[in-house]
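Engineer: Have a look at this one.
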Amino acid sequence: MCRSIKTLRTGAEPAPDDEITAAALQYVRKVSGYRRPSTANEHAFDEAVAEVAAASKRLLAAVSATHPQARRAS
C-alpha cells in the first residue's frame with residue numbers, strides 16, 4: 090500500500106513539513122479512494138490529512154530520538 094510514499098525518518102535531520110504533508114495526503118487519498126474530494130467531503134478530507142501529518146510528526150520525533158536510520162534513496 091502506498092509504495093510511492095518515501096521514508097521520512099533520517100538520523101541527521103527532521104523531515105521537512107512539506108514532505109510529511111505530502112505523505113499524509115497520499116495516505117488519505119489511498120484510504121478514502123478520493124484523488125480530490127467533493128465539496129461536501131473537502132473539510133473531512135483536509136482534516137484527515139492534517140491529523141495524519143501531525144501524528145507522523147509525533148512519531149518521527151519519538152523514533153528519531155531513539156533509533157536513527159539513514160534515508161533511503163528514492
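Each residue of the sequence shown is one higher than the one before, starting from 90 at the first, in this note's numbering.
Just so it is clear, CB atoms sit at the ideal spot from N, CA and C, and this is done for glycine as well.
Taking alanine 112 as the reference, which of Glu131, Leu97, Ala151 and Leu148 has the closest Cα?
Structural biologist: Working through the sequence shown from its first residue, we reach residue 112 at position 23. The shortest Cα separation from alanine 112 among Glu131, Leu97, Ala151 and Leu148 belongs to Leu97.
Engineer: On a Cα-Cα basis, can you pick out the residue from Ala104, Ala139, Ser127 and Pro103 that is closest to glutamine 86?
Structural biologist: This structure cannot speak to residue 86, because the chain is shown only from 90 to 163.
Engineer: Please classify alanine 104 as buried or exposed, where buried requires at least 16 other C-beta atoms within 10 Å of its C-beta.
Structural biologist: In the sequence shown, the residue the question calls residue 104 occupies position 15. Classification of alanine 104: buried, given that the 10 Å Cβ count is 16 or more.
Engineer: Whole angstroms is fine: what's the gap from valine 117's alpha carbon to valine 152's?
Structural biologist: Sequence index remark: in the sequence shown, residue 117 carries index 28 (1-based). Sequence index remark: in the sequence shown, residue 152 carries index 63 (1-based). Valine 117 and valine 152: Cα-Cα distance of roughly 22 angstroms.
Engineer: Tell me where the alpha helix (DSSP H) around lysine 119 begins and ends.
Structural biologist: By one-based count along the sequence shown, residue 119 stands at place 30. 106-121 is the extent of the alpha helix (DSSP H) around lysine 119.
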